[in-house]
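Everything on this sheet refers to the single structure shown next.
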Amino acid sequence: MGIENIYLGHFFTILLEKLSSSELLEFLRRLGIEALQEELRTTMLMIKAVLTDVENKQRGKLVSKWLRDLQSSAYKLDELVDRVIKNPSPKKNEAAPTASKLRNISSRLEVLSKEISKLDLVENVTMAPYRTGEMFQMASFME
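Quick note: the sequence shown, position 138, residue 304 per the working numbering, numbers continuous.
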């Protein structure tokens with residue numbers, strides 16, 4: 167697994183822990199959208215399961231774009247969840263926009279998870295062996 171993918175996998179693990187937080191659940195419960203917590207967790211677990219295959223196939227333009235979209239959405243989700251964890255009881259006028267952003271990110275992640283099959287991404291695959299030229303390119307990239 168490449169360094170970037172190790173980081174992304176670790177990032178997803180931490181984000182999944184944050185998504186299980188009682189602060190987030192309480193925030194969503196007060197807004198009547200507590201089911202969103204499980205929707206986000208389920209979607210993120212589905213996506214996390216294909217990260218190794220994404221790395222194997224990221225040279226393709228579609229997979230590379232999908233990965234960039236995923237990273238952007240995941241980082242935005244992480245920022246919002248951090249905000250909720252730090253302040254789980256915001257004023258009503260602050261809670262609604264945050265909830266709306268969480269719903270939007272959830273929708274985007276759901277779209278990305280549905281694209282997994284279209285991109286022929288496979289869950290929990292092992293790293294494909296690199297050919298000599300690819301190994302050289304990876305080594306050059308990391309220097």
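For glycine and all other residues, C-beta sits at the position ideal for the given N, C-alpha and C.
The Cβ atoms of Leu285 and Val247 lie no closer than 8 Å to each other. No residue range can be given for Ile199, since it is assigned to no alpha helix (DSSP H) and is classified by DSSP as neither H nor E. Between Val288 and Asp219, the gap from beta carbon to beta carbon is short of 8 Å.
Between Glu276 and Trp232 a beta carbon distance of about 14 Å is seen, past the 8 Å cut, so the two are scored as non-contacting. No Cβ-Cβ contact shorter than 8 Å links Ser272 with Leu185. Counting every other CB atom within 10 Å of its CB across the protein chains shown gives Lys258 a total below 16, marking it as exposed. Counted as a single uninterrupted DSSP element, the alpha helix (DSSP H) harbouring Asp244 occupies residues Lys227 to Lys252. A distance below 7 Å between beta-carbons, with the five flanking residues on each side excluded, links Glu200 to the following residues of its chain, in chain order: Leu191 and Leu194.
Taking a 10 Å sphere around the C-beta of Lys223, we find 16 or more other C-beta atoms and assign the residue as buried. For Pro263, the enclosing alpha helix (DSSP H) stretches over residues Lys258 to Lys284.
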